[in-house]
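Residue numbers (this note's numbering): 18 to 96.
Input: a single structure, listed below in structure tokens.
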């Protein structure tokens, strides 16, 4: 039986390349688009890309910390 097309190694590599091309094209479009920054920082090159990455990383860190705070033992509901 054939593997699903999303599981094949060749498809995974093609998807990563396509994903990288789209991301690079999106950041490079930042050179063409006229900006109207409200704050000084949001007019910098690639602001959306690095702000999105930093925001996502911060959410992951906060979620990990919150998980440690809210963590219960495996037998919590058995007691």
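Glycine included, every Cβ here is placed at the ideal spot set by N, Cα and C.
Being a predicted model, the structure only gives us computed values, none of them experimental.
For residue 38, the enclosing alpha helix (DSSP H) begins and ends at 26-45.
In the DSSP assignment, residue 81 falls within the unbroken alpha helix (DSSP H) covering 64-87. Secondary structure of residue 59 (DSSP, three-state): helix.
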